[in-house]
Amino acid sequence: MALVTISGYPASGKTYRAEQLRTYFEGRFSAPNYDGPRFKVIVISDDSLGVDRSAYDDSRSEKPARGAAFTALTRNLGKDTIVIMDGMNYIKGFRYQMHCAGREAQVRMSTRFEEPNSMARWDSPLFTVSSTDEMPLDAIWATVMTGAKAPTNNAKPPTDALQILESTATSVVSLLSASPAVTSGAGGRAPLTVSSARLEITLPPRTITLSELQRHKRQFVAVHRKALSQGAQGSLDWNEETVASKFVDYLESHLNT
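Using our numbering, the letters of the sequence shown correspond one by one to residues 1 to 257.
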């Protein structure tokens, strides 16, 4: 029915917020004056899965921990269930995977560092809550129960969009191929600076060749070139920073599968 993804630093109050949401939803469903549909509310967390916090100390042990969370997510998604994903969920590629799983299950999705970005469809709708903020429970309830769509961007791409796409993707490949995380085969988090954008990608601990990076670049460019040829509007903000961020998301999702 719905997927709520919580994202944040360790010890930032994620579990407290997840339980706050669960208590609120269950309270609304059990209220005597509530006559709408009733749904199960499930919280998936490292604690519920028996995953030790030390699993996030390095990328080798973190990958199976994310795998366990994703398996639990896909097992519980359904039209009669609200799933709350309680965890750091700091990797955009992983949030995108969860977005795709939710879309496949035809559930509504509400997300909140790679920092979550409300302009990305897998991070939208976004609710940002600090440790001192009141939880916007009514707004989250309305989103979960009625759904919400991001506004359509009708801006036309610039005339040099294809050149920006190609040159930016080439720059990312060049930076990655020289990154110690790639040259050593150790994987892990690799910082990248493209134009004014400071990005980060999490790489698997294996050999990543230049030909593999170039193959993913060609696929990424081909998808957006096709969109341009079909007159797509607003599918991408055509500046170097946004193109680089989208390509990094694409690479992270494909390299870690």
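Every residue gets a Cβ at the ideal spot worked out from N, C-alpha and C, and that includes glycine.
Note that the coordinates shown come from a computational prediction; the quantities given were computed from them, not determined experimentally.
1. Going by the CB atoms, is the gap between residue 69 and residue 62 shorter than 8 Å?
2. So the candidates are 241, 134 and 213; which of them puts its Cα closest to the Cα of residue 195?
3. Would you mind stating whether residue 41 and residue 84 have Cβ atoms separated by less than 8 Å?
4. For the beta strand (DSSP E) holding residue 126, just list the boundary residues, first then last.
5. Can you tell me whether residue 85 is helix, strand or coil according to DSSP?
6. Looking at residue 21 and residue 44, is the spacing between their C-beta atoms short of 8 Å?
7. Is it right to say residue 33 is buried, meaning 16 or more other beta carbons lie within 10 angstroms of its own, or is it exposed?
8. With a cut-off of 8 Å on the beta carbons, I'd call residue 216 and residue 165 a contact; round off their distance for me.
9. Evaluate contact between the region 131 to 148 and the region 204 to 218, counting only Cβ atoms and requiring at least three cross-stretch pairs below 8 Å.
10. Tell me residue 40's beta-bridge partners as DSSP assigns them.
11. Based on DSSP bridge pairs, tell me the residues matched to residue 203.
12. Go through its chain and collect everything with a Cβ distance to residue 207's Cβ below 8 Å, but skip five positions before and after it.
13. Please list the terminal residues of the continuous beta strand (DSSP E) segment that includes residue 5.
14. Does the Cβ-Cβ distance between residue 101 and residue 172 come in under 8 Å?
15. Closest to residue 251 by CA distance: which of 29, 238 and 204 is it?
16. CB residue 80 to CB residue 18, shorter than 8 Å?
17. Would residue 77 and residue 107 qualify as a contact pair, given that the criterion is a beta-carbon distance under 8 Å?
18. For the alpha helix (DSSP H) containing residue 243, list its first residue and its last residue.
19. At the level of alpha carbons, what is the spacing between residue 264 and residue 16?
20. Where does the unbroken alpha helix (DSSP H) through residue 164 begin, and where does it stop?
Checking against the coordinates, here is how it stands:
1. no
2. 241
3. yes
4. Run containing residue 126: none; DSSP gives neither H nor E here.
5. strand
6. no
7. exposed
8. Their Cβ separation, rounded to whole angstroms, is 14 Å, which puts residue 216 and residue 165 out of contact at 8 Å.
9. no
10. 81
11. 188
12. 185
13. 2 to 6
14. no
15. 204
16. no
17. yes
18. 240 to 255
19. No answer is possible for residue 264: the residues shown for the chain start at 1 and end at 257.
20. 161 to 177
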